[in-house]
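Written out below as structure tokens is the structure these notes cover.
Number of protein chains: 2
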Amino acid sequence: MDHRKAYDKLLEKVRNLNYILSVRGLLVWDQRTYMPRKAVKFRGRQLSALSEYAHSVITSPEFTSLLETAEKGDYPEGSRERMNLFWLRRTYDRTVKVPLKLQLKLVQKATETEVVWREAKDRNDPSLVLPHLKDLVSLKREVAEHLGYESEPYDALLDGYEPGLRASEVEEVFSYLKRETLKLLTKVMEARESGRVPRPVRGHFPIEDQKKFHLFLLRSIGYDLNAGRLDETTHPFAVRIVPGDVRITTRYHSNDLLDGIFSTLHEMGHALYGLGLPEEYFGEPVGNAPSLAIHESQSRFWENVIGRSPEFWEVFYPFLRAFFPSLYDYSLEEFLFAANDIKPSFVRIEADELTYNLHIILRFEIERALINGNMEVEALPEVWNSKFKEMFGITPPTHREGFLQDIHWYSGGFGYFPTYTFGNVIAAQIRHRMEEDIDVRKAVGSGDFGTILDWLRERIHRHGSMYLPKDLVRQATGEPPNPHYLVSYLREKVERFYTPTHRSAI
Amino acid sequence: MDHRKAYDKLLEKVRNLNYILSVRGLLVWDQRTYMPRKAVKFRGRQLSALSEYAHSVITSPEFTSLLETAEKGDYPEGSRERMNLFWLRRTYDRTVKVPLKLQLKLVQKATETEVVWREAKDRNDPSLVLPHLKDLVSLKREVAEHLGYESEPYDALLDGYEPGLRASEVEEVFSYLKRETLKLLTKVMEARESGRVPRPVRGHFPIEDQKKFHLFLLRSIGYDLNAGRLDETTHPFAVRIVPGDVRITTRYHSNDLLDGIFSTLHEMGHALYGLGLPEEYFGEPVGNAPSLAIHESQSRFWENVIGRSPEFWEVFYPFLRAFFPSLYDYSLEEFLFAANDIKPSFVRIEADELTYNLHIILRFEIERALINGNMEVEALPEVWNSKFKEMFGITPPTHREGFLQDIHWYSGGFGYFPTYTFGNVIAAQIRHRMEEDIDVRKAVGSGDFGTILDWLRERIHRHGSMYLPKDLVRQATGEPPNPHYLVSYLREKVERFYTPTHRSAI
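Order-wise, the sequence lines are chains E and L.
According to the working numbering, the residues represented by the first sequence are 1 to 506, in order.
According to the working numbering, the residues represented by the second sequence are 1 to 506, in order.
So this is what it looks like as structure tokens:
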């Protein structure tokens with residue numbers, strides 16, 4: 001068969017497989033929203049039948065031979081064919097390099113560990129889960145050996161979430177970020193000690209009204225509710241099922257407005273990206289986002305860069321007050337300060353924009369050491385707490401608020417955490433580059449989100465994964481991920497809110 | 001390979017395929033309930049990718065050879081293996097006998113005709129759709145030739161919905177039923193003319209309260225809302241996604257309680273059956289219902305036999321009045337009479353229990369003639385109206401209320417209609433047989449639905465398709481489908497409500 005024919009046939013196979021696999025998005029959405037409880041057993045079987053099917057297609061002799069033949073074609077650098085083949089080869093290699101037996105063992109161990117972790121967390125008892133985690137780390141190390149790496153085992157796992165990223169690059173970005181963050185945190189703490197602390201926004205905010213406000217917010221920004229939905233779940237998420245169907249969920253607390261609003265803006269950022277991905281590539285590898293960090297850059301951009309900016313609330317605070325008149329007790333500045341509260345805390349998902357990255361850096365240092373064999377799992381509770389004290393100046397009162405807080409490691413997710421902070425890095429960098437084309441403050445302040453969204457679509461969304469993550473950032477902003485912009489952005493924020501002279505503005 | 005090994009391997013393949021295909025239930029449910037509008041294009045691709053996948057598995061050389069080898073095994077009559085192989089052979093034959101090209105042509109023509117039908121119905125213009133229907137009938141006739149039959153082409157299509165049923169048997173059942181129904185209808189019309197007409201139950205019934213009442217009804221009867229849901233759609237339906245997940249929908253009108261209640265009871269009947277099918281057979285052919293008529297017998301049983309009985313409303317009318325106090329204006333007897341109103345009408349889905357079967361008999365006579373080549377499509381409007389006049393004594397004022405009312409033919413569904421009336425026949429027969437074991441009136445009147453449901457589970461549900469439809473009816477009731485019980489049941493109903501002397505009870 002000639003190369004072109006093989007390519008076409010391969011892509012048809014891949015598209016059909018992906019149309020089928022796309023139902024997983026719906027299965028997961030349904031499971032977390034409306035599925036009756038007793039469906040859970042067979043829902044699991046549906047999902048594993050789909051995984052087995054995908055595995056059998058990718059590892060079939062026909063697939064291998066089509067891929068190998070297609071790869072002999074001479075497609076121009078950066079062409080759709082070239083990029084599709086690049087991503088298919090990557091998926092293929094990551095699938096076949098790890099023996100099926102090891103993959104199954106890993107899935108089983110991860111499922112088991114996750115269950116035990118929940119109990120260990122509930123009971124605040126590390127001893128329950130550490131032996132399981134030890135096995136899991138050792139299996140992940142085996143996987144890394146099979147996948148292969150140039151300089152350290154951790155790279156093989158990191159690459160699974162962030163194609164092309166190396167631990168040494170993460171280290172470089174993170175060491176600068178850590179130093180600068182700690183400096184800024186010192187400033188914040190000084191200001192706080194001098195009394196510069198926001199007044200918490202408290203009250204009773206009926207859930208039905210919150211829902212209405214969230215929908216109003218989503219519509220105003222440009223999330224098409226004919227191509228998405230907003231539902232309620234304990235853990236907010238976004239899921240792209242197919243083009244024209246990217247759904248989000250959020251949560252509401254009747255005594256707190258902020259958590260829900262920023263959850264919705266975060267998930268909306270993911271959804272706007274999902275809706276901006278090239279529809280005509282759907283089903284092909286180039287039709288997806290190239291990495292988790294790129295995806296996270298979009299959610300953080302809307303949640304933080306736009307959503308916590310003064311201009312944003314200049315537009316929306318009057319509406320928010322119309323929905324919740326008790327907010328007439330809070331000036332715009334008081335509300336803004338509360339939305340930009342910065343202070344050390346124990347739990348990552350409750351952290352502010354500045355200290356959030358410290359939570360990630362801590363996790364990166366630990367998981368890298370675990371996977372590279374430079375640290376024993378037994379030492380984890382101790383290492384976590386001492387590192388935490390060193391960075392945040394406080395010690396977690398329980399392990400539940402310490403090394404047991406996140407599900408990631410206990411479900412086998414090593415190498416995932418850095419993508420969150422890379423998302424922040426890229427979001428700030430996008431904001432900086434966008435400013436060259438758009439007066440962002442002015443656009444936001446006049447409620448013109450279309451201009452901003454168009455920019456993101458043009459520079460990021462429409463490319464799918466026609467570029468590797470780093471190259472996508474380069475082509476969108478002119479340089480690879482550079483933490484300088486995040487630090488400038490955070491410095492500006494700290495100056496805006498934590499300079500005592502500013503107090504008079506309240 | 002030995003027979004047993006082939007069988008086991010075949011069944012594993014089939015189970016995995018069916019776990020994947022079971023997501024279609026969710027795709028359809030979602031499409032009709034919560035799916036954002038713009039998902040529709042790719043939802044279609046997901047569904048066709050699944051169909052193509054199923055087709056490719058069933059027609060693969062491996063499947064053929066496993067089936068042929070497994071069939072050489074000597075499995076006892078009525079064993080799970082024997083029945084699985086019977087159903088697999090049937091599916092296989094129905095799949096491979098019709099050339100793929102013809103199948104695709106048919107799907108395309110049906111899709112096209114359905115679209116044109118909607119317009120023809122809206123505009124009340126037969127000329128738009130008749131040429132398309134003519135092509136469709138001719139394609140269905142071709143399909144029948146490929147499938148093969150003993151005595152007439154129509155049998156080949158009927159068998160697709162009701163395995164083993166022949167047109168001659170339908171004719172026998174229907175000619176008796178028609179004669180008896182017309183006699184009863186004459187009695188009803190005489191009573192109506194003498195003034196025995198129910199007072200319509202009118203009022204304003206808030207939708208939110210209706211929802212609450214429906215949920216109360218479902219819970220009281222024993223539909224497990226942890227294994228199902230109740231949502232709202234224009235066209236009510238039930239869908240079994242997996243064991244432990246059988247969902248229903250209904251509709252509400254703020255000025256009418258009855259339509260919604262009986263829709264919910266109907267779909268609940270389907271759902272209770274779906275939840276009673278043997279979980280341990282899920283994914284195997286024997287895990288399904290054996291036919292549409294059997295399924296319909298369960299929905300009609302709950303909707304009509306139980307749901308329109310005086311005893312049922314002796315239990316629930318007090319609650320209904322508590323939800324809707326304006327009903328204190330209507331005596332129980334008035335309410336019951338309204339729920340059992342019998343009169344000729346043009347539209348099948350609005351018909352009462354008695355005349356409903358006349359609607360079906362009309363359709364059977366026509367579709368049988370069309371498929372057997374005994375009638376031209378061009379004659380359809382004329383034949384419909386004259387037959388209708390003959391049976392119902394009235395002529396449809398428009399084709400919209402005449403031969404254009406139902407989607408079935410225009411989407412290629414010929415041979416489907418008889419299953420509805422066979423459902424009624426079987427429901428009444430079940431009621432009769434059940435009486436030998438249970439005092440049904442007493443059970444219903446004391447709200448003891450568990451006893452009734454257990455009987456259905458034991459006699460019908462738990463068998464899946466371990467029997468052919470006719471044999472299932474035989475083993476549950478002692479004889480094959482016999483319209484005598486339906487006629488007795490209807491006669492009793494007519495006597496109960498349309499005997500003038502009874503009026504004093506109001």
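Idealized CB from N, CA, C, for every residue including glycine.
Nearest-angstrom Cα separation, counted from residue j out to residue i
i, j, result
"E/Y489", "E/Y161", "26 Å"
"L/Y149", "L/H132", "25 Å"
"L/E279", "L/L11", "16 Å"
"E/S465", "E/G287", "6 Å"
"L/E112", "E/D439", "51 Å"
"E/S22", "L/D448", "44 Å"
"L/N374", "L/E401", "24 Å"
"L/E232", "E/E314", "40 Å"
"L/P36", "E/T91", "31 Å"
"L/E81", "L/L67", "12 Å"
"L/A227", "L/R251", "20 Å"
"E/G44", "E/S51", "11 Å"
"L/T451", "L/I221", "10 Å"
Chain A within 9 Å of residue i, Cβ atoms only
i, result
"E/G244", "Note that chain A does not occur in the displayed structure, where the protein chains are E and L."
Coil, strand or helix - residue i by DSSP
i, result
"L/E401", "coil"
"L/V242", "strand"
"L/A505", "A caution first: L/A505 carries a pLDDT of 46, below 50, which makes its placement in the model too unreliable to give a value."
"L/E162", "coil"
"L/H253", "strand"
"L/E232", "strand"
"L/R247", "strand"
"E/A120", "helix"
"E/P381", "helix"
"E/V115", "helix"
"E/I342", "coil"
"E/H408", "coil"
"L/D352", "coil"
"E/M189", "helix"
"L/K387", "helix"
"E/V487", "helix"
"E/D135", "helix"
"L/Y467", "coil"
For residue i, the nearest candidate out of the options (CA to CA)
i, options, result
"L/K72", "L/A6, L/D30, L/S56 and L/L21", "L/A6"
"L/F237", "L/T249, L/P418 and L/G373", "L/T249"
"E/M117", "E/L106, E/H399 and E/E333", "Residue 117 of chain E is actually Trp in this sequence, not Met. For E/W117, the nearest C-alpha among the options comes from E/H399."
"L/T355", "L/V28, L/L26, L/R496 and L/V188", "L/V188"
"L/F403", "L/E367, L/E172, L/G393 and L/F216", "L/E367"
"E/L486", "E/E284, E/N124, E/F174 and E/F86", "E/F174"
"L/Y532", "L/K212, L/K134, L/L158 and L/R196", "With chain L represented from 1 up to 506, any question about residue 532 of chain L goes unanswered, as that position is not in the structure."
"L/E284", "L/T33, L/N18, L/S326 and L/R4", "L/N18"
"E/G269", "E/F282, E/E296 and E/N340", "E/E296"
"L/K470", "L/A293, L/E382 and L/S331", "L/A293"
"E/V137", "E/V494, E/E376 and E/Y420", "E/E376"
Burial state of residue i (16 or more Cβ within 10 Å)
i, result
"E/P61", "exposed"
"L/M434", "buried"
"L/L225", "exposed"
"E/P396", "buried"
"L/H253", "exposed"
"L/R219", "exposed"
"E/R503", "Only weak support is given to the placement of E/R503: the predicted model assigns it a pLDDT of 49, under 50, and the value that follows is read from those uncertain coordinates. So E/R503 ends up on the exposed side."
"E/R179", "exposed"
"L/I371", "buried"
Any non-hydrogen atom of the ligand GDP within 8 Å of residue i CB
i, result
"L/I452", "Ligands are entirely absent from the displayed structure, and the ligand GDP is therefore not among its contents."
Practice problem: Report yes or no: do the stretch 372 to 388 of chain L and the stretch 453 to 464 of chain L share at least 3 C-beta pairs separated by less than 8 Å? | Solution: Cβ pair count under 8 Å is below three, so no.
Self-check item: the stretch 318 to 328 of chain E touching the stretch 198 to 208 of chain E, judged by at least three CB pairs closer than 8 Å
Solution: The stretch 318 to 328 of chain E, when compared against the stretch 198 to 208 of chain E, does touch it at the 8 Å Cβ threshold.
Exercise. Mind the definition here: the stretch 420 to 431 of chain L touches the stretch 299 to 307 of chain L only if three or more C-beta pairs lie below 8 Å; say whether that holds.
Key: Short answer: they touch.
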